[in-house]
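Structure first, commentary second.
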Amino acid sequence: MKSMKLLKILVCVMLLFIHVLIPYTNVIAKDRISGSIQDVDLFSGSALYNYDHYFDTIYGNEGALDLYDNPVDFEEIILDDDGNEIELDAFAQPKSKVSLLSYDRISPFEQVTQRIAIIDTGIAWDHPALSSIDAIYWRNMIDNNNDVRDSHGHGTQIAGLLASDGTGGAPRGMLPNAKYIILKGLNDAGEAEDFTLAQSIRQAVDMGAKVIALSLGISVHSTVLQDAVDYAYQRNVLIVAAAGNHAKHVQYPAAYPSVLSVGSVNSQGIRSVFTPSGYELDVLAQGENVTVLQQPRGTKIAHGTSMAVPLVAAFALRLYETNPTATADEIMTHIILSSKNSNNWSENMGWGEIDFFNTFTNSLAMLVGNQTNTEPARALKVPRNGIISARINSENQFRWYRVHAGYEGNLTITYRNKVNRYVKLDVFDDSLRLQSSRMLTSNMQSTSFRVTPNSTLVRISTDANNAPLNASFIFSYQISADIWEANNSQSQAKVLPIRANIESTFHVINDHDWFSVDVPATGNIRIAVENVPEHMDPTLVVTYRGQNITVDYNAAGGEEVYFAAAERGTISFSVRDYNRNFINYPYRIDISFNPSSIQRYADTTSHWARADIDKLQREYILKGYPNNRFYPDRYITRAEFASMLVSTMKLATPNSNIRTYKDVSTNYWAHTSIATAKHFGLIKGYPDNTFRPDMPITRAEISSMTYNAYKARMVTSSTNRFKDVTSSHWANIPISSLARNTILQGYGDGTFKPNHFTTRAEASAMISRIINLY
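What follows is the structure, encoded as C-alpha cells:
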C-alpha cells in the first residue's frame, strides 16, 4: 500500500534501455512513481545493416566522407533519388546517403564544441574511451557533492555514445569535442526524486548547456519536473528525452510539448516493438543493436529508447553550432521536418526516423518555407502535444494544420515569436465549418478552443503589414470532463447498474470520480479499474456498511480490483489518481456480480433454451416476471430486447445525460436502458420520434440492433444467405453478418423469415452465443 505520509514523492525512473543477456529486475515499492529497468532478449547479437544500394555503387566499401573537412577525392557526383546533382556545403557532407540511419553510418561531429548536459547515473571516468572527455562541470545532485562515479553503468553508456574517443576499439562518440556537463541525477539503482531531476535540469541550464540528454522517464506527470522543463525551454535549451520501453504511452518528461521525445527503430528502419505509441511521440532513431561502453572497459550491445537519445541530441547540438541564435522550438522543428515521416505525423511513428541528409542539407527557412500545407486538403497533421514552426510569406498565404486529439478536449495554442507580430487563428471542424477565430499579437500569448476526437483544422494567417512572418506554435491538450460529472463527492455519486463497463476521465487536478451500485442479492461483486493509462496511478476506495476499503496495490498503469462477498444493499466507491494529476487519456470501470444462487424460472425446466436462459439469469442480463415465470415463447418487445442488449454490453449513462423518445416516459420501466441504447447508437426510433417500446420486435429488427452493437468485433458480410432476404433488403448486411459470425440461424427450408417476431427464448439463445463469442 502507498503511504500518504511521504514528505517527498520518490520517483523510480525508468532507465530506458534494454540489456542483452544481462537480466536485471528492479522491484519497486508501491510508494514510488513509475517502473523499472526493463530487460528483454531481442534474439539478436549483431545489427543487420541495409545500405542504399545506389550509393554503395558510388562509394563501394570505401571509407566515410569526413563530415566537416573537405570531401574526399571521389570523381562521382552525388545525386538525389531523381538523378539530380546535390550541392552540399563543406560543413554538411554525408558519410553516405543511406536509406537507414545508425551510429556507424555517419562520422562524428568533430567540430561541434557547444555544451551538452547528460543527466543520468554518472560516468566511469576511468573507462579508457572516456579519458579525453571535455567535462567542464560535474555534480552529484543526489548527495550534493562532486562524486559522479557510475556504479550502475547506464550513464557511462550514454556518455560513451556521445563522448567516446574511440580508445581500445570502442566506437567514437557522436560529439567527441563537445563540452560536457555531467550531472548524477539518478542513484545507483536508477532511482531519484522528481525534485532532484528538476534541479538537475535547472543546473544544466544554468551551466550553459544548449542540449540536455535524458535517457530516462517516469510514468506520471510531476509539476516540479514540468516547471524545470519550462525553465529550460524559456532559455532556449532543448531537452531530448527517451519515450519509454514497453510503455502504453510516452513517458515524462518526453511527453511534455517542449521536449523532443525519441522512440527507437531497428537496423532496418522498422519501429522497435518496445517503443510506445501516443500523441506525444516525436521522432525515432536507432535504438537496437547499439554498441555501448561497459564497465570497467570494453563494449557490449544494448537496446532501448535510451540508446536512441544521444543520436538525436547530437543532431540538435550540431544545429545549434551552425545556428547559434536559433530557439529551442526552431531546432526541434528543424529535426522533425527533416524526418522521414515529416508530412504525415502518426501515433506509431511520430514524425518518423531522423534523417541526416535532410537535416543538414536544408535550412529551417527552406523546410518551413517549402511546406505545401497552404490549403485544407494539404493540411499538415500535427500531434495534440508538440511544437511546430511556420513561415507565412504573404497575406494571401495560409498555413493549415490537422489535429487528431483522439478524445474530446481543449487545445491550447501558444504563439511564440521573436518580434511581436499579429497572427490570426481560425478553427474549423472536419467539414470545414468555422468554429472560432482568434487574434494573437504578442509573444507567448495563448488561446484555447474545443477539439473533437477526430479532426480539427487550424488555419494560421497574417496581414500585409506583418508578412513575411516566422513563428512557432506550442500545441497543448487537456481532456474534457466525462459524462458522469459532477461526481466529485459521495453525495454526488452516480448510480451504475450491477453490470456495467463505463469510460471516465480525470480532466482536472485532484478529480474524484464517485459511483454507487445497488447489490440485488447475496453474492460476489467485482469492481475493477481497467484500461489504465500509463500516466495514471489509480486508487480505488470502496465504501460498504460504514467501512472504507482502499485498494491500491499496483503502480502507474496498473489495474486495481475489488472483489468481495456482498449482501443486498448499496456500495459506493471512488476512483482518483494517487498523484492527483489530470490525465489526458480515459480509463474504464467494470462492474460484475455473481449471485450465490438463482431461482430458476418455473416454465423453463424442460425448454430447449433452458441452458441459455439460466446463463443470462445468472449474469443478471434477463428479467423474468413476478410469478417466477419467464414465458420463453412469448414475443420479446423492443424495450425488452434493448434492455437485454444494454445489459449484455455493460453499457451505462447518467440520468442527467438521458434523452429518449416521446412515447418513453421517465417512469417507464426500461426508460434508462432505451436512452442508453440510443446514446450508444444501438437503436433508432421512428420518424415521428417514437420508439414503440411494447411492440414485438421482428427478426430483422433484432438483427439490426445486434449488428449495430457488435459490428466492430465481427466480420461484416453482404452475401445473401437466406432465400427470403434479398441483397436489397434493408437488413441484409446485419442478417448476413450475424449469420456469417454464427450468431443467428435460419430455418430448415433456407428461409430467415425477417418479418416474423422473435420469442424471448430465441433472443436469449442469440445473446448467449454472443457472450460465448465475445
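Last residue of the sequence shown: 774 in UniProt numbering, with the numbers rising by one and none dropped. For each residue, glycine too, the CB sits at the ideal point set by N, CA and C.
Original post:
In the structure shown, what three-state DSSP assignment does threonine 361 receive?
Top reply: Here threonine 361 sits in helix by DSSP.
**OP:** Go ahead and pull the three-state DSSP assignment for asparagine 488.
**Re:** Residue state, collapsed to three classes: coil.
Original post:
Can arginine 115 and lysine 184 be called in contact, C-beta distance under 8 Å?
Top reply: Against a cut-off of 8 Å, the Cβ pair of lysine 184 and arginine 115 comes out as no contact.
**OP:** Please classify glycine 169: does DSSP put it in a helix, a strand, or coil?
**Re:** Residue state, collapsed to three classes: helix.
**OP:** For the region 541-614, list the beta strand (DSSP E) runs that are entirely contained and at least 3 residues long, ordered along the chain.
**Re:** Listed in chain order, they are 547-551, 560-566, 569-577, 587-595.
Original post:
Per DSSP, what kind of secondary structure is lysine 340 in: helix, strand or coil?
Top reply: Of the three classes helix, strand and coil, the one that applies to lysine 340 here is coil, per DSSP.
**OP:** Classify arginine 318 as buried or exposed, calling it buried when 16 or more other Cβ atoms lie within 10 Å of its own Cβ.
**Re:** Buried, since its Cβ has 16 or more Cβ neighbours within 10 Å.
Original post:
Of all the options Asp482, Thr113, Pro257, Ser267, which has the alpha carbon lying nearest to the alpha carbon of valine 382?
Top reply: The shortest C-alpha to C-alpha distance from valine 382 to any of Asp482, Thr113, Pro257, Ser267 is the one to Pro257.
Original post:
By how many angstroms is the C-alpha of alanine 763 removed from the C-alpha of histidine 607?
Top reply: In this structure, the straight-line span from the alpha carbon of histidine 607 to that of alanine 763 is close to 14 Å.
Original post:
If you run the structure through DSSP and keep just helix, strand and coil, what is arginine 769?
Top reply: DSSP places arginine 769 in helix when its eight states are reduced to three.
**OP:** Return the CA-CA distance between leucine 744 and serine 727, expressed in angstroms with no decimal places.
**Re:** Taking the straight line from one Cα to the other gives about 18 Å.
Original post:
Residues in its own chain within less than 6 Å of glycine 45 by CB, not counting five upstream and five downstream?
Top reply: Its pLDDT being 28, under 50, glycine 45 is placed unreliably in this model, and the value from its coordinates should be taken loosely. Closer than 6 Å at Cβ, skipping near neighbours: no residue.
Subject >> Range of the contiguous alpha helix (DSSP H) that encloses valine 112 >> reply: Secondary structure note for valine 112: it is in no alpha helix (DSSP H), with a DSSP letter that is neither H nor E.
Original post:
Along the chain, where does the alpha helix (DSSP H) that runs through asparagine 105 open and close?
Top reply: Note that residue 105 corresponds to arginine in the displayed sequence, not to asparagine. For arginine 105, there is no enclosing alpha helix (DSSP H), as DSSP marks it with neither H nor E.
Subject >> Same chain, Cβ closer than 6 Å to isoleucine 502, five either side skipped, listed in chain order >> reply: Counting only Cβ-Cβ distances below 6 Å, and skipping sequence neighbours, we find Ile589, Ala652.
Original post:
Would you call the region 460-476 and the region 323-332 touching, i.e. three or more CB-CB distances under 8 Å?
Top reply: Flag = yes, the region 460-476 and the region 323-332 touch.
**OP:** Leaving aside the five residues before and after phenylalanine 74 along the sequence, list all residues of the same chain whose C-beta is less than 6 Å from its C-beta, in chain order.
**Re:** Because the pLDDT of phenylalanine 74 is 23, which lies under 50, any placement of that residue in the model is unreliable, and the number read from its coordinates should be weighed accordingly. For phenylalanine 74, where only same-chain residues beyond five positions count, there are no Cβ hits under 6 Å.
Original post:
Taking the alpha-carbon positions, what's the valine 27 to lysine 678 distance?
Top reply: Any reading at valine 27 must be qualified, since the residue scores a pLDDT of 28, below 50, and its modelled position is unreliable; the value itself is stated next. Using only the alpha carbons, I get a separation of about 47 Å.
Original post:
Per DSSP, what kind of secondary structure is proline 696 in: helix, strand or coil?
Top reply: Note: proline 696 maps to strand in three-state DSSP.
Original post:
Relative to the alpha-carbon of serine 264, which residue among Glu408, Ser102, Tyr415, Asn385 has its alpha-carbon at the smallest distance?
Top reply: Minimum Cα distance to serine 264 is reached at Ser102.
Subject >> Alpha carbon of leucine 162 to alpha carbon of isoleucine 483, nearest angstrom >> reply: Their Cα atoms are separated by approximately 50 Å.
**OP:** Express the C-alpha separation of serine 448 and glycine 169 in angstroms, rounding to a whole number.
**Re:** Here the alpha carbons of serine 448 and glycine 169 stand approximately 54 Å from one another.
Original post:
In three-state terms, what does DSSP make of proline 538?
Top reply: In this structure, DSSP gives proline 538 an extended state, which the three-state scheme calls strand.
Original post:
For asparagine 466, which residues from the same chain have a beta carbon less than 6 Å from its beta carbon, with the 5 sequence-adjacent residues on both sides left out?
Top reply: Answer for asparagine 466: Arg421, Tyr422, listed in chain order.
Original post:
In chain order, what residues of the same chain lie with their CB nearer than 6 Å to the CB of tyrosine 585, ignoring the 5 residues before and after it?
Top reply: Sequence-distant Cβ neighbours of tyrosine 585 in its own chain, meaning closer than 6 Å and more than five residues away, are Pro533.
**OP:** Have a look at serine 164 and threonine 299 and give me their C-alpha separation to the nearest angstrom.
**Re:** Per the coordinates, the alpha-carbon of serine 164 lies some 11 Å from the alpha-carbon of threonine 299.
**OP:** Pick helix, strand or coil for isoleucine 182, following the three-state DSSP scheme.
**Re:** Taken through DSSP and simplified to helix, strand or coil, isoleucine 182 comes out as strand.
Original post:
Does the distance from the CB of threonine 758 to the CB of threonine 698 come in under 8 Å?
Top reply: Taking 8 Å as the Cβ cut-off, threonine 758 and threonine 698 qualify as a contacting pair.
Original post:
How about isoleucine 201 and valine 229: do their beta carbons lie closer than 8 Å?
Top reply: Taking 8 Å as the Cβ cut-off, isoleucine 201 and valine 229 qualify as a contacting pair.
Original post:
Which residue from Gly681, Asp688, Leu130 puts its Cα closest to that of valine 664?
Top reply: Distance from the Cα of valine 664 is smallest, within the candidate group Gly681, Asp688, Leu130, for Asp688.
Original post:
Where does leucine 540 land, buried or exposed, given buried means 16+ other C-beta within 10 angstroms?
Top reply: So leucine 540 counts as buried.
Subject >> Test item: CB-CB of proline 276 and alanine 313 under 8 Å >> reply: Going by C-beta atoms, proline 276 is not nearer than 8 Å to alanine 313.
**OP:** Would you check if the distance between the CB atom of glycine 217 and the CB atom of threonine 121 is smaller than 8 Å?
**Re:** No, the pair does not count as a contact, with Cβ atoms beyond the cut-off.
**OP:** Report the rounded CA-to-CA distance for leucine 622 versus isoleucine 613, giving the unit in angstroms.
**Re:** Whole-angstrom Cα-Cα distance: 8 Å.
Original post:
Can you name, in chain order, every residue of its own chain whose Cβ lies under 6 Å from the Cβ of arginine 769, other than the five neighbours on each side?
Top reply: Closer than 6 Å at the Cβ level, and outside the excluded window around arginine 769, lie Ile743.
Subject >> Counterpart residues of lysine 424 in DSSP-defined beta bridges >> reply: Beta-bridge analysis with DSSP links lysine 424 to Met439, Ser461.
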